Amino acid sequence: MSGEVQTVEAQVEESRALTLVDCDIHPMPATRDLIDKHLSDRWRNRVERFGTRTPWTPNYPRPVHRGTRADITVHGPGFGVFLDQVQADVLDTYEVDYGVLILWNFYDREERDLCADGSRASNDWLIEDWLEPEPRLLGSMVVPWEYPELAVREIERRAAEPWWAQVYMMGETLEPLGSRKYWPIYEAATAAGLPVATHPGAYELHLGAGWPSYYFEEHVGYTLGVRRQLLSMVSSGLFEAVPGVRIVVAEGGVMWSVSLRWAVDSAAELLGDELGLDRRPSEYLDGHVWFTTQPVEEPDDEKDYARALAHGNLAGRMLFSSDYPHWDFDSPKQALPRCLDEKTRRRIFAGNASDLYNLPRAR
Amino acid sequence: MIDCDVHCAPGSWDALHPYVSSAWRRYIENSSHALTNLAVAYPPMMPTTARPDARASGRPTPPTTYDELKETVLDRSNASHVVLNCLAIYEMYRNPYFQAGMARCLNDWMCAEWLDRDERLRASLVVPWTDAAGAVAEVERVGGDPRFVQVLLPVRSDARWGHKANHALYAAAAERGLAIALHAWGPGHAPTPTGFAATYFEDYLSNATVVQHQLLSFIAEGVFEHTPDLRVVLVECGFTWLPSMLWRMDREWKGVWTEIPWVKERPSHYVRQNMRATIEPAHLGTATADEISELVDMIGHEWLMYASDYPHDHGPSAQRLLDALSADDREAVLAGNARTLYLLNGVETA
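Structure follows, in structure tokens:
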């Protein structure tokens, strides 16, 4: 629980035990009925007959091995993987201490009760097929975030369960993530000692510049959706209202936050009385936001990588992730440039995640 | 010095009267159409809308006459050339015929009331931006006038600007030596994936988000392979986001180039060769002088062009950028880069 205050020394001592935490592994279901079968009768019957409005297939075909790593066998129309593959390909191969699973909410855009039941079903599937059989895995709790009172109920109901690293929200919510609508979710997650992860997932309505033509644009553009979400969180005063909230940006890129971090401070200096924030906005980003590494921006000159980390004050807030099983998977053996010092590498590979997720922990 | 972004605007419909046909005059009167100086983008009392000197002069709006421009900008600047941007086309709604009529009106007004009066002046020409064929027709009509250096498009668009629907416009522009300028803001667009911004703060900083989508679009659609001579200038949308965007695009291209096989070089190649940005707003926040120097190294000083963005005020960051440059690099940013881009060699003045 978050009530326990650890000393910095104690945290460092603990994190020494770990060498590698993979903060973004996708337990892609091969077929949707794997999760649908956990729905209550009423909603399962309806989904079988009428399907869902939530997109199940991507808006843009992924022109590389169906979007997954070339050397692995994926299954079914969901291009899914099973636990034994994650164990063999990630946990065993790289001697991962902990892996954090991130599952979409395939019932996100449904009516209230189906969304809630689907979220519960998603969590039940995660526990049964992944978390119970494999002690190295932690889950990201799926919640019906568009119905915050129901999301809070799911968080509170599961707060004592040992499985969860964090609460998960899609990157493309119906309102920007700083909206007061979602504050009860941040409050409940924080009270349960859990960070909130946001992960882009192709539900964007492309209202800013119009729809892209290609996956290339859509996929790189994920980062820009996250930029909008962090702007909203900063300007809404979320970080003052819920001072303990911790946000994890998963698969949203990293280095772009340097520009945002500078821009919010300049804009606040010019327009500060509109927001009425107590502190410089960059301080809120520094204190509350973490980034998983994959797909980290890769400069030609690796020294620029280190420079960008310094410009963005990022070394203490980056969390290694492989993004298994996707095509742009990063191996921990090659993910970080060699010019980074050993201390920084250790923090990114395990130390930052150990502190954030309170690892190692009994599960 | 070359100032790549100075604003001017018609003070009212009366100023445009001689350039508007009688049919459109009736349309304007019947709809009580009013010009607002883009009050949503630039609220009159907002600190960013007008610099203290502009505000003190009692005119916190873009100059509305040449005399006003001369007094507030030209007489106080040592710029050899000033590029005028009039954003009134943003206020002409989406009727493509009305837009075409008003683009014609604004371009004729720009020539007669501004460009004819001072050899230092250059301008962006405006087009009916919802209709590519209409835009081409306007470029064909006035684009041969060398005082027009670029075609202005709103960075916030209904469809992405790189889309093949617009390639004929880019070919027509490049053929006449015109650049394309994507300028901040737009005609009433929600700037974010989730719709309108809740605060001016977010709206203001969203120009830097939307422009990155547009940059991606120009690359992905192969615009610079179709029209290798085309130059695109990103105006009033910032530039500190460039390094991370280049690094990410190049990484992505290595993986999925087969989807866009016409993109033959790495994305960063086209951005460095065919695109440029103006330096206001710089928004450098707490960056130190050393960090600013490192940032400029990542971007490349040749990519940046000086702009005052008069009368808008984006704080001290742009000056801090200039202060961090070596003398040679500063000269390039203040004048050389724009001279090359706009072919302002002093020979082809009208």
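Chains W and H, in that order, are what the protein sequence lines are. The first sequence begins at 1 in the working numbering and counts up by one. The second sequence begins at 1001 in the working numbering and counts up by one. From the three backbone atoms N, C-alpha and C, an ideal C-beta is built for every residue, glycine too. Here the structure is a predicted model, which is why all the values come from computation and not from measurement.
Does the stretch 245–255 of chain W come into contact with the stretch 221–228 of chain W, if we say contact requires no fewer than three beta-carbon pairs (one atom in each stretch) closer than 8 Å?
Two segments are said to touch when three or more pairs of C-beta atoms, one from each, lie closer than 8 Å; by this definition the stretch 245–255 of chain W touches the stretch 221–228 of chain W.
Could you tell me whether the stretch 262–271 of chain W touches the stretch 1282–1297 of chain H, where touching means 3 or more Cβ pairs closer than 8 Å?
With the rule of 3 Cβ pairs closer than 8 Å, the stretch 262–271 of chain W counts as touching the stretch 1282–1297 of chain H.
Along the chain, where does the beta strand (DSSP E) that runs through ALA1277 of chain H open and close?
Walking along the second sequence from the start, residue 1277 of chain H turns up at place 277. For ALA1277 of chain H, the enclosing beta strand (DSSP E) starts and ends at 1275–1278.
Length of the line joining the Cα atoms of GLU342 of chain W and MET1046 of chain H:
Numbered from 1 along the first sequence, position 342 holds the residue referred to as residue 342 of chain W. Numbered from 1 along the second sequence, position 46 holds the residue referred to as residue 1046 of chain H. So the alpha carbons of these two residues sit roughly 48 Å apart.
What whole-angstrom Cβ distance do LEU230 of chain W and LEU285 of chain W have, given they're in contact under 8 Å?
On the first sequence, residue 230 of chain W is found 230 positions in, with the first residue counted as 1. On the first sequence, residue 285 of chain W is found 285 positions in, with the first residue counted as 1. About 7 Å separates the Cβ atoms of LEU230 of chain W and LEU285 of chain W, confirming a contact at the 8 Å cut-off.
LEU1182 of chain H to LEU1084 of chain H, Cα distance in whole Å?
As a position in the second sequence, residue 1182 of chain H is number 182, starting the count at 1. As a position in the second sequence, residue 1084 of chain H is number 84, starting the count at 1. LEU1182 of chain H and LEU1084 of chain H have their C-alpha atoms spaced approximately 14 Å apart.
Counting beta carbon pairs with one atom in the stretch 187–206 of chain W and one in the stretch 115–127 of chain W, are three or more of them shorter than 8 Å?
Result no; under three Cβ-Cβ pairs closer than 8 Å.
Per DSSP, ASN358 of chain W is paired with what?
In the first sequence, the residue the question calls residue 358 of chain W occupies position 358. Partner residues in a beta bridge of ASN358 of chain W, as assigned by DSSP, do not exist.
At least three beta-carbon pairs within less than 8 Å, the stretch 1295–1305 of chain H to the stretch 1234–1253 of chain H:
Enough Cβ pairs lie closer than 8 Å, so yes.
Taking 8 Å as the CB-CB limit, is ASP1158 of chain H close to chain W?
The sequence position of residue 1158 of chain H within the second sequence is 158, counting from 1. With 8 Å as the cut-off, ASP1158 of chain H counts as an interface residue toward chain W.
Determine the contact status of ASP1005 of chain H and ALA1307 of chain H, defining contact as a CB-CB distance below 8 Å.
For this step, residue 1005 of chain H is matched to residue 5 along the second sequence. For this step, residue 1307 of chain H is matched to residue 307 along the second sequence. When the beta-carbon positions are compared, ASP1005 of chain H and ALA1307 of chain H come within less than 8 Å of each other.
CA nearest to the CA of GLN1150 of chain H, picked from H:ALA1165, H:ALA1171 and H:PRO1018
As a working mapping, residue 1150 of chain H is identified with position 150 in the second sequence. It is H:ALA1171 whose Cα lies nearest to the Cα of GLN1150 of chain H.
Span of the alpha helix (DSSP H) around VAL1263 of chain H
Walking along the second sequence from the start, residue 1263 of chain H turns up at place 263. In the DSSP assignment, VAL1263 of chain H falls outside any alpha helix (DSSP H) and carries neither an H nor an E.
Residues near ASN1398 of chain H by beta carbon distance below 7 Å, same chain, minus five either side:
Because chain H is modelled from 1001 through 1350, residue 1398 of chain H falls outside the range shown and cannot be assessed.
Please classify GLY1143 of chain H as buried or exposed, where buried requires at least 16 neighbouring CB atoms within 10 angstroms.
By 1-based counting over the second sequence, the position of residue 1143 of chain H is 143. By the neighbour-count criterion, in which a residue is buried when 16 or more other Cβ atoms sit within 10 angstroms of its Cβ, GLY1143 of chain H is buried.
In whole angstroms, what separates the C-alpha of GLU1225 of chain H from that of ARG246 of chain W?
Here the question's residue 1225 of chain H lines up with position 225 in the second sequence. Here the question's residue 246 of chain W lines up with position 246 in the first sequence. If I take the Cα positions, the gap works out to 44 Å.
For PRO184 of chain W, which residues from the same chain have a beta carbon less than 8 Å from its beta carbon, with the 5 sequence-adjacent residues on both sides left out?
Translated into positions along the first sequence, residue 184 of chain W becomes position 184. Answer for PRO184 of chain W: PRO148, GLU149, ALA151 and VAL152, listed in chain order.
Could you tell me which of H:LEU1325, H:ASP1014, H:ALA1135 and H:ASP1145 sits nearest to GLU1294 of chain H, measuring between CA atoms?
Mapped onto the second sequence, residue 1294 of chain H falls at position 294. Answer by Cα proximity: H:LEU1325.
Return the residues of the stretch 196–219 of chain W that lie within a Cβ-Cβ distance of less than 8 Å from chain H, sorted by chain order.
Going along the stretch 196–219 of chain W in chain order, one finds GLU204, LEU205, HIS206, LEU207, GLY208, ALA209, GLY210, TRP211, PRO212, SER213, TYR214, TYR215, PHE216, GLU217 and HIS219 with a Cβ nearer than 8 Å to chain H.
Can you confirm whether GLN1319 of chain H, when its beta carbon is compared against all beta carbons of chain W, has any partner nearer than 8 Å?
The count along the second sequence starts at 1 and reaches residue 1319 of chain H at position 319. Taking 8 Å as the CB threshold, GLN1319 of chain H stays off the interface with chain W.
Burial state of ARG180 of chain W, where buried means 16 or more other Cβ atoms lie within 10 Å:
On the first sequence, position 180 is the one that residue 180 of chain W refers to. Counting Cβ neighbours within 10 Å, ARG180 of chain W comes out exposed, since fewer than 16 surround it.
What whole-angstrom Cβ distance do MET233 of chain W and GLY178 of chain W have, given they're in contact under 8 Å?
Position 233 of the first sequence, counting from 1, holds the residue named residue 233 of chain W. Position 178 of the first sequence, counting from 1, holds the residue named residue 178 of chain W. Yes, they are in contact, since the Cβ atoms of MET233 of chain W and GLY178 of chain W sit about 4 Å apart, within 8 Å.
Would VAL167 of chain W be called buried (16 or more neighbouring beta carbons within 10 Å of its own) or exposed?
Position 167 of the first sequence, counted from the start, is the residue given in the question as residue 167 of chain W. VAL167 of chain W counts as buried, since no fewer than 16 other beta carbons sit within 10 angstroms of its beta carbon.
Please classify GLN1099 of chain H as buried or exposed, where buried requires at least 16 other C-beta atoms within 10 Å of its C-beta.
Start at 1 with the first residue of the second sequence, and residue 1099 of chain H comes out as number 99. With 16 or more neighbouring CB atoms inside 10 Å of its own CB, GLN1099 of chain H falls in the buried class.
Short check: CB of ILE1180 of chain H to CB of GLY1222 of chain H, under 8 Å?
In the second sequence, the residue the question calls residue 1180 of chain H occupies position 180. In the second sequence, the residue the question calls residue 1222 of chain H occupies position 222. No. Outside cutoff.
Which residues does DSSP pair with ALA197 of chain W in a beta bridge?
Here residue 197 of chain W refers to the residue found at position 197 when the first sequence is read from its first residue. Partner residues in the beta bridge of ALA197 of chain W, as assigned by DSSP, are W:TYR168 and W:VAL248.
Which stretch, first to last residue, makes up the alpha helix (DSSP H) that contains SER1124 of chain H?
As a position in the second sequence, residue 1124 of chain H is number 124, starting the count at 1. Counting along the chain, SER1124 of chain H falls outside any alpha helix (DSSP H), though it belongs to the beta strand (DSSP E) covering 1121–1126.
Could you give the first and the last residue of the continuous beta strand (DSSP E) run that contains TYR98 of chain W?
The count along the first sequence starts at 1 and reaches residue 98 of chain W at position 98. Counting along the chain, the beta strand (DSSP E) containing TYR98 of chain W begins and ends at 98–101.
Going along chain W, which residues have a C-beta under 7 Å from MET1249 of chain H?
Counting from 1 along the second sequence, the entry for residue 1249 of chain H is found at position 249. By Cβ distance, chain W contributes VAL220.
C-beta neighbour in chain W for THR944 of chain H, strict 8 Å:
Because chain H is modelled from 1001 through 1350, residue 944 of chain H falls outside the range shown and cannot be assessed.
Would you call TYR98 of chain W buried or exposed, if buried means 16 or more other Cβ atoms sit within 10 Å of its Cβ?
The residue labelled residue 98 of chain W in the question sits at position 98 within the first sequence. With 16 or more other Cβ atoms within 10 Å, it is buried.
Using a beta-carbon distance below 8 Å, is SER1031 of chain H in contact with chain W?
Here residue 1031 of chain H corresponds to residue number 31 of the second sequence, with the count starting at 1. It does not; no Cβ of chain W falls within 8 Å.
Would you grab the beta carbon distance between LEU1125 of chain H and LEU1169 of chain H for me? Rounded to a whole angstrom, and I think it's under 8 Å.
For this step, residue 1125 of chain H is matched to residue 125 along the second sequence. For this step, residue 1169 of chain H is matched to residue 169 along the second sequence. Rounded to the nearest angstrom, the Cβ distance from LEU1125 of chain H to LEU1169 of chain H is 12 Å, too far for a contact under 8 Å.
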